[in-house]
Ligand code: GLU
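And the structure:
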């Protein structure tokens, strides 16, 4: 699965440090390089580099700005170089862009752009998106239309965030997660709500193909498939442990192992009334599939074991990436329970898309609130273990 991250801020505060710290808290998602673009209302300036996210001298040289976007990259196209790191700026200097994902048809698109006379400076698929937008800009139309026209040409799952010279932020979510946070004096845009949780727990949840335009503190969201404007509704996220500091512990794994004395209790705080809907559906189900990938896949195995051996339920755990071999025998009478820490596991989302197609009931056990997997589910349950920064799962596994 692809992880990496985006983080942006626009508002009354100085964005430089906010975005830098935001990238630090997205570190757990894995990355090989990173970058920041700021807009000081005169022009866009970019700093990018390979390796660890540290307070580099060059960052201090960036002008203080109220709007900035940042990116942690996990290279898929082109080596891990400063040049290939994001953001990538347009030649017309009007905008700069970050991307999470893969442009699957990038070589065809690149060839046709080269035929039009564009020369590429990086090996990334990202630069193709930049050039496609620039190409649309040649024919006078609103910038929003340039982005959507270019975006429609892309194959694959791609989430993009764009900062313009006019100090506007645009984004499209598709595949990789993206969530908006609203604080008293500004707007955040990030891959997870955890990264801006020190500043706000008021969030706007996004769906795939949502087009976001932030201008002068105003947020507009249009879904580019339905072409409908969306109500900008805010939700309050109640996360119990948002403490993402290592504290007295030598490393996160140790901290998270010790936290289990609370997190196991937290995970079991559901009342009988809250559990009733899932119990009813388990009883009614022809068969119960429990799906997950990685460590969550092992938790799924445990859940299936308990359901079979304690409750006598026909329960089967399946690794998300092997689920296709069950599609033939999957029916609308089956219940699918998805287990995921992030709530964004791509393989597991694919299973749920199949299950939805077959009209199965869906339940999920997720650690991160407001994420895709829980929003796809009829029954949403949360492990409430708080952020798990260490890549090796401990407290979330036991909570699942
Ligand atoms: N495909 C892009 C690249 O290789 C983005 C990868 C990412 O999601 O970080 O630069």
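In the working numbering, the protein residues as written are 903 to 1302. Cβ atoms here follow ideal geometry from the backbone N, Cα and C, with glycine treated the same way.
Per-residue DSSP class, three states only, for residue i
i            : result
residue 1001 : strand
residue 1297 : helix
residue 1206 : helix
residue 951  : strand
residue 1257 : helix
residue 1142 : Bear in mind that a pLDDT of 49 at residue 1142, under 50, signals an unreliable position, so the model cannot answer this.
residue 1049 : helix
residue 1083 : strand
residue 910  : strand
residue 1055 : coil
residue 1251 : helix
residue 1152 : coil
residue 1167 : helix
residue 1041 : coil
residue 1211 : helix
residue 1105 : strand
residue 1147 : coil
residue 1007 : coil
residue 1291 : coil
According to DSSP, residues forming a beta bridge with residue i
i            : result
residue 1075 : 1112
residue 870  : Residue 870 falls outside the range modelled here, since the chain spans only 903 to 1302, and no answer is possible.
residue 1218 : 1191
residue 1122 : 1115
residue 1284 : 1268
residue 1237 : 1190, 1263
residue 1091 : 910, 1082
residue 1131 : 1124
residue 1242 : 1268
residue 918  : In DSSP, residue 918 forms no bridge with anything.
residue 1060 : 1003
Buried versus exposed, by CB contacts within 10 Å (16 or more), residue i
i            : result
residue 1028 : buried
residue 1233 : exposed
residue 1142 : Only weak support is given to the placement of residue 1142: the predicted model assigns it a pLDDT of 49, under 50, and the question is left unresolved by the model.
residue 994  : exposed
residue 973  : buried
residue 1054 : exposed
residue 1068 : exposed
residue 1021 : exposed
residue 1208 : exposed
residue 1293 : exposed
residue 988  : buried
residue 1096 : buried
residue 990  : buried
residue 1196 : buried
residue 1047 : exposed
residue 1172 : exposed
Among the options, nearest to residue i - alpha-carbon criterion
i            : options                : result
residue 1037 : 911, 1026, 1050        : 1050
residue 951  : 942, 982, 967, 943     : 982
residue 1188 : 1230, 910, 1237        : 1237
residue 1083 : 1054, 1044, 1134       : 1134
residue 956  : 1136, 1281, 926        : 926
residue 1031 : 1043, 1131, 1073, 1042 : 1073
residue 1061 : 1256, 1085, 907, 1026  : 907
residue 1221 : 1209, 1201, 1210, 1235 : 1201
residue 1157 : 1025, 1211, 1291, 1299 : 1291
residue 984  : 1013, 1024, 1018       : 1024
residue 1113 : 1086, 920, 1075        : 1075
residue 1206 : 1219, 1256, 1165       : 1219
residue 1064 : 992, 1137, 1044, 922   : 992
residue 947  : 959, 1150, 998, 1211   : 998
residue 1199 : 1211, 933, 1250, 1044  : 1250
residue 931  : 942, 1102, 1002        : 1002
residue 1166 : 1016, 916, 1180, 1288  : 1288
residue 914  : 1246, 942, 1016, 1000  : 942
Neighbour flag for residue i against chain C, beta carbons, 8 Å
i            : result
residue 1212 : Among the chains of the structure shown, chain C does not appear; only one protein chain is present.
At which residue ranges does the stretch 925 to 993 contain complete alpha helix (DSSP H) runs of 4 or more residues, listed in the order of the chain? 959 to 963
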